[in-house]
Structures are given as C-alpha cells and as structure tokens.
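If you read the sequence shown in the working numbering, its first letter stands for residue 152, the second for the next number, and so on. Backbone N, C-alpha and C fix where the C-beta goes; we use that ideal spot for every residue, glycine too.
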Amino acid sequence: MGNQSDSMLSNMRTQMDRAQEYAQVEENIFTRMKHPERTLTVTLPVLRDDGELELFEGYRCQFGAARGPYKGGVRYHPSVTMEEVIALAGLMTSKTALVDLPYGGAKGGIICNPKDLSRDEMKRITRRYTEGIRRMIGPKTDIPAPDMNTGPREMAWMMDTYSVYEGYTVPEVVTGKPPVIGGTPGRVEATGRGVAVVTERTLEYLDRSPEDVTVAIQGFGNVGSWAAKLLTERGANIVATSDVTGAVYDPDGIDVFDLDEFYEPGAHPIDEYENAQHISNDELLRLDVDVLIPAAVANTITADVAEEVNADIIVEAANGPTTPGADDVLVERDIPTVPDLLANAGGVIVSYLEWVQNTQEYAWTKEEVNADLERRLESAFDELIETYTEYGVPDMRTAAYVIAIERIAEANAHRGLFP
Ligand code: NAD
152 MGNQSDSMLS NMRTQMDRAQ EYAQVEENIF TRMKHPERTL TVTLPVLRDD
202 GELELFEGYR CQFGAARGPY KGGVRYHPSV TMEEVIALAG LMTSKTALVD
252 LPYGGAKGGI ICNPKDLSRD EMKRITRRYT EGIRRMIGPK TDIPAPDMNT
302 GPREMAWMMD TYSVYEGYTV PEVVTGKPPV IGGTPGRVEA TGRGVAVVTE
352 RTLEYLDRSP EDVTVAIQGF GNVGSWAAKL LTERGANIVA TSDVTGAVYD
402 PDGIDVFDLD EFYEPGAHPI DEYENAQHIS NDELLRLDVD VLIPAAVANT
452 ITADVAEEVN ADIIVEAANG PTTPGADDVL VERDIPTVPD LLANAGGVIV
502 SYLEWVQNTQ EYAWTKEEVN ADLERRLESA FDELIETYTE YGVPDMRTAA
552 YVIAIERIAE ANAHRGLFP
C-alpha cells in the first residue's frame with residue numbers, strides 16, 4: 152500500500168493504452184498525449200523556526216494544454232516524487248477532458264511532512280515555492296489548487312505571493328481560496344460532494360438507493376469526511392472510515408458528524424476515537440459493505456486486495472487507488488469501479504466555477520455553484536455510461552479514458568503540430 156509513484160505513471164499509461172484499443176486515436180497524437188509537456192524542479196531554501204536552513208524540493212508539471220490552460224492541485228507529502236506529480240498531472244488532463252472543462256492538466260508537489268512544520272514554516276515554504284514556479288503559473292496559463300495537505304490557507308498565501316510580484320491582486324491565479332478573497336462558496340466540500348453525487352447516480356443506475364447501503368471510506372481527510380457527511384445526509388450508513396493511524400468500524404453506523412468534531416490530524420487521530428470499534432486499514436478494505444470508497448492515497452487496491460474486496464461497488468475518491476492488475480480482478484469479479492477521473496472531479500469543476508467568477512469579477516451563491524456542479528457531473532456520468540454500454544469496453548475506467556483521449560485528440564488535431 153502507499154504511493155508507488157513510478158508505477159502510478161506506468162499505471163496511467165497502461166490505462167490509456169487500454170482505452171486506445173477502443174478509441175483508435177491517431178498514433179502520432181496518442182504518443183504525444185502520454186508525455187508531459189514540461190516539468191520544473193525547484194529547490195526551496197527555507198529557514199526553520201530554530202534558525203536552521205533546510206532545503207526542500209518541489210515540482211510543477213504541466214502535462215497537456217490542448218483544451219485550455221493547465222489546471223491542477225499542489226500536494227505536500229513526504230512521499231511526493233517527480234514521477235508521481237507527472238502521473239497526477241496526466242490524470243488531471245484526462246479528468247478535465249472527461250468532465251468537459253476548457254482546461255488542460257497540471258500538478259505540483261513539495262516533499263515535506265506538514266505534521267513536522269509550524270504554521271510559519273508552512274507559510275515560508277509555500278511562498279518560496281510560489282516564487283519558484285511563478286514564471287510558469289498565471290490565470291491564463293496554469294492555475295494551481297489544493298490537494299493533499301493543502302487548503303484555503305495555502306491558496307491564500309500563493310495568491311498573495313503571486314500578486315505581490317504582479318503589483319496588483321490576482322485572485323484568478325489559484326482556486327480553492329478562502330471566500331473572502333475570491334474563493335467560491337462550496338469549494339471546500341466540492342470533491343466530497345461530487346463523490347456523493349456520483350455514488351448516488353451509480354446506485355440509481357444499478358437500481359439501488361443510498362438509503363439501502365452501507366459504506367466504508369478509507370481516509371477521513373477533506374474528501375473522505377465530506378463524502379461521509381453528504382452521503383449520510385442522503386441516507387447512506389457509513390460503517391467504517393480511517394486515517395493513516397488506523398480505522399474505526401461500527402456495523403450500526405458511525406456518527407460521522409461526531410467523528411468530524413473529534414478528528415484533528417496529529418492532535419486527535421482516528422486511533423484515539425472511542426465511540427467505535429478499532430480495525431486496521433487492511434481490514435477496512437475487505438469489509439462486507441455495499442460501497443467501498445478509497446479516499447486516501449494511491450495504489451491501495453492492488454490485485455491481492457481486489458481478490459478479497461467484499462464490496463459490491465467501488466467509488467474512487469482518491470487519485471489512482473486501483474492498480475491495472477486490480478482492475479482486471481474487479482472486472483473478473485464483476486465489481487463495478489467508478490474511476491477517479493469522474494468520481495473526484497467535483498473539486499476541479501468547482502475550481503473552474505471559482506475561476507469563472509474571478510475572471511468575471513462576479514460572485515455566485517452556494518446554491519448556484521452546487522446546482523452547476525451536480526448538472527455537470529450528472530451529464531458526465533450519463534456520457535460515461537453511454538460509452539461503457541456502447542463501446543463494449545470492459546470497465547468504466549476504460550470508458551472514461553476513451554471519452555477523455557478522444558476529446559484531447561480532437562483538440563490536438565484541430566490545433567496541429569508545431570512548427
Ligand atoms: P487529506 O490530506 O485531507 O486527507 C487524506 C486522508 O487519508 C487523511 O485522513 C490521512 O490520514 C489518510 N491517509 C493518508 N495515508 C494513508 C494511508 N496510508 N492509509 C490510510 N489512510 C491514509 O487529502 P484529501 O484532499 O482528502 O485527498 C485525498 C485523496 O483525494 C487524494 O488521493 C487526492 O489526490 C484526492 N483528491 C483530492 C481533491 C481535493 O479537492 N482535495 C480533489 C481530487 C482528488
């Protein structure tokens with residue numbers, strides 16, 4: 152389990168190759184589409200609070216921009232690698248195409264452990280990183296957003312640093328900002344809301360309903376906790392969830408609102424929560440539930456785990472949680488898997504809505520944002536099901552990639568090859 156970053160990139164290419172068998176995109180264009188356009192490495196000299204200098208390494212990868220400006224989050228984690236950032240940028244490129252946003256794909260990351268850093272140290276790292284990638288990003292070129300261990304606070308610092316250099320306030324350079332400085336209502340919970348919407352639509356497609364299902368969610372971070380709360384509101388019974396310290400399980404259902412109040416990474420981790428039984432993350436993945444939602448890190452559902460999954464449906468809230476080997480097992484075992492490209496696209500959709508509001512200097516209500524998010528996800532879901540049933544592809548992931556690579560290839564074909 153964990154971030155096997157090198158394989159994440161090869162996994163993504165394998166998934167694209169599988170889709171190419173059905174999509175039949177012109178070979179010259181397809182070859183280009185599997186490689187990033189550029190990747191920058193930055194060394195970040197940062198003063199620790201004790202006065203010592205520490206060098207951190209960060210990356211920004213711009214994968215593809217055939218359909219519009221590069222777009223993608225920034226991740227802070229000890230296991231970040233350049234290969235992982237490239238793979239995640241590639242995923243973003245396909246994701247924005249699948250949900251038909253006028254964007255390409257990018258990703259950023261810094262190798263660091265936020266748990267060991269004070270607020271001031273996080274600020275210095277964020278500002279130095281923003282300065283380091285400043286020449287690459289911009290409201291019309293590349294628009295960063297939050298990912299693991301980054302949120303509105305870091306986006307505010309990034310926006311401020313970029314604006315200081317420009318000499319005026321540029322809210323539209325990043326999304327996921329606090330609402331008071333141009334963030335949109337609904338952004339913090341957008342990815343989790345998208346997971347809830349897609350889970351509900353999948354259940355409907357399978358003639359089931361949220362009221363009748365039990366759910367296990369691996370990872371109670373931003374995405375997992377919001378998915379848990381919004382699925383509970385739709386009537387689902389969340390019986391297990393976890394963080395990096397372990398998992399909790401209650402066959403009668405976990406009070407996710409109570410857990411949310413208690414949970415604070417580092418200070419109040421899941422393994423200290425007293426109102427449920429404790430199990431391991433491995434056990435959580437194998438629980439007999441209706442829906443399993445991996446919402447933590449990549450490559451948690453390997454072929455071995457897939458053999459022992461007891462869920463009827465998997466909804467991928469995390470990026471890249473299922474390996475191609477596991478996909479084969481899940482197809483064999485007839486366990487539908489809703490791919491990350493669709494299931495966690497709520498975040499980038501609402502990021503797009505934030506950027507649109509910023510560029511128009513106009514603010515929407517939360518109701519307008521949520522309604523637009525749901526409309527876009529439902530239409531992408533319907534398109535995915537149409538391709539899934541009409542192209543004779545083995546699984547929903549291949550259907551998602553068929554749609555994405557056909558759209559990117561069409562844009563590439565219109566634009567032509569430079570020079
Ligand atoms: P987060 O940092 O808020 O939460 C991650 C959670 O996973 C935490 O509870 C953490 O303890 C847990 N975790 C970490 N390592 C684990 C392990 N080895 N086993 C079990 N649990 C572990 O991050 P997030 O923003 O919620 O992102 C979660 C996933 O969703 C990532 O794959 C991310 O790329 C993806 N994603 C996030 C967004 C977004 O808007 N935040 C958008 C799209 C996709």
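In its own chain, which residues sit with a C-beta less than 8 Å from the C-beta of Leu535, not counting the 5 before and 5 after it?
Leu249, Leu493, Met547, Ala550, Ala551 and Ile554
Sub-9 Å separation of Tyr313 and Val225 beta-carbons:
no
Coil, strand or helix - Gln155 by DSSP:
Note that Gln155 scores a pLDDT of 47, beneath 50, so its modelled location is shaky; the value from the coordinates is reported in the next line. Coil at Gln155, not helix or strand.
Should Asp455 be counted as a contact of the ligand NAD given a C-beta to heavy atom distance under 8 Å?
no
Outcome for Thr388 when other beta-carbon atoms lying within 10 angstroms are tallied against a minimum of 16
The question names Thr, but residue 388 is Asn in the sequence shown. Asn388 is buried by the Cβ-count criterion.
Is the closest heavy atom of the ligand NAD to the C-beta of Ala367 under 8 Å?
no
Local conformation of Asp403 per DSSP, three classes:
coil
Could you check whether the Cβ of Thr488 sits closer than 8 Å to any heavy atom belonging to the ligand PLP?
Looking at this structure, you won't find the ligand PLP anywhere; what it does contain is the ligand NAD.
Chain C contact for Val339 (CB, 9 Å cutoff):
Among the chains in the structure shown there is no chain C, since it carries only a single protein chain.
Who are Arg226's beta bridge partners in DSSP?
Gly260
Cα separation between Asp394 and Gly567?
46 Å
For the segment 443-451 against the segment 362-371, do three or more pairs of beta-carbon atoms, one drawn from each stretch, fall closer than 8 Å, so that the two count as touching?
yes
C-alpha distance - Thr292 paired with Thr392, whole-angstrom precision:
38 Å
Once DSSP output is grouped into helix, strand and coil, what is the label at Phe532?
helix
Report whether the distance from the Cβ of Pro336 to the nearest heavy atom of the ligand NAD is below 8 Å.
no
Taking C-alpha atoms, which residue in Asp533, Asn495 and Glu505 lies nearest to Val331?
Glu505
Within the same chain, show all residues whose beta-carbon is closer than 7 Å to that of Leu191, passing over the 5 residues directly before and after it, in chain order.
Tyr210, Arg211, Ile284 and Met287
Indicate, with yes or no, if the ligand NAD has a heavy atom lying under 8 Å from the CB of Ser393.
yes
In or out: Gly417 buried (at least 16 other Cβ within 10 Å) or exposed?
exposed
Check: Gly372 C-beta below 8 Å from any heavy atom of the ligand NAD:
yes
Could you check whether the Cβ of Leu239 sits closer than 8 Å to any heavy atom belonging to the ligand NAD?
yes
Report all residues from its chain with a CB closer than 8 Å to the CB of Ala560; omit the five preceding and five following residues, and keep chain order.
Ala174, Val176, Glu177, Ile180, Phe181 and Met184
Could you tell me whether the segment 479-497 touches the segment 335-349, where touching means 3 or more Cβ pairs closer than 8 Å?
yes
Check each candidate in Leu436, Thr320 and Asp491 and name the one with the smallest Cα separation from Asn92.
Given a span of 152 to 570 for the chain in the structure shown, any question on residue 92 remains unanswerable.
Is Ala446 a contact residue of the ligand NAD, with contact defined as CB to any heavy atom under 8 Å?
yes
Which residues does DSSP pair with His429 in a beta bridge?
Val399
Stretch-stretch touch, CB-based, cutoff 8 Å, three pairs: the segment 409-416 with the segment 352-362
no
Could you check what DSSP says for Phe207 in three-state terms: helix, strand or coil?
strand
Please classify Ser156: is it buried, with 16 or more other beta-carbons within 10 angstroms of its beta-carbon, or exposed?
Note that Ser156 has pLDDT 48, beneath the 50 cutoff, so the model's placement of it is unreliable and the number below is only indicative. Looking at its Cβ environment, which holds 16 or more other Cβ atoms inside 10 Å, Ser156 is buried.
Considering only the beta carbon of each residue, do Tyr221 and Gly256 sit closer than 9 Å?
yes
For Thr301, count the other beta carbons within 10 Å of its own beta carbon; 16 or more makes it buried, fewer makes it exposed. Which is it?
buried
So, helix, strand or coil for Glu340, using DSSP?
coil
Hey, Ser502 and Ala217: beta-carbon distance below 9 Å or not?
no
Pick out the complete alpha helix (DSSP H) segments inside the segment 296-384, 4 residues or longer, and give them in chain order.
303-317, 341-356 and 373-384
So is the beta-carbon of Pro295 under 8 Å away from any non-hydrogen atom of the ligand NAD?
no
Does DSSP put Ala564 in a helix, a strand or coil?
helix
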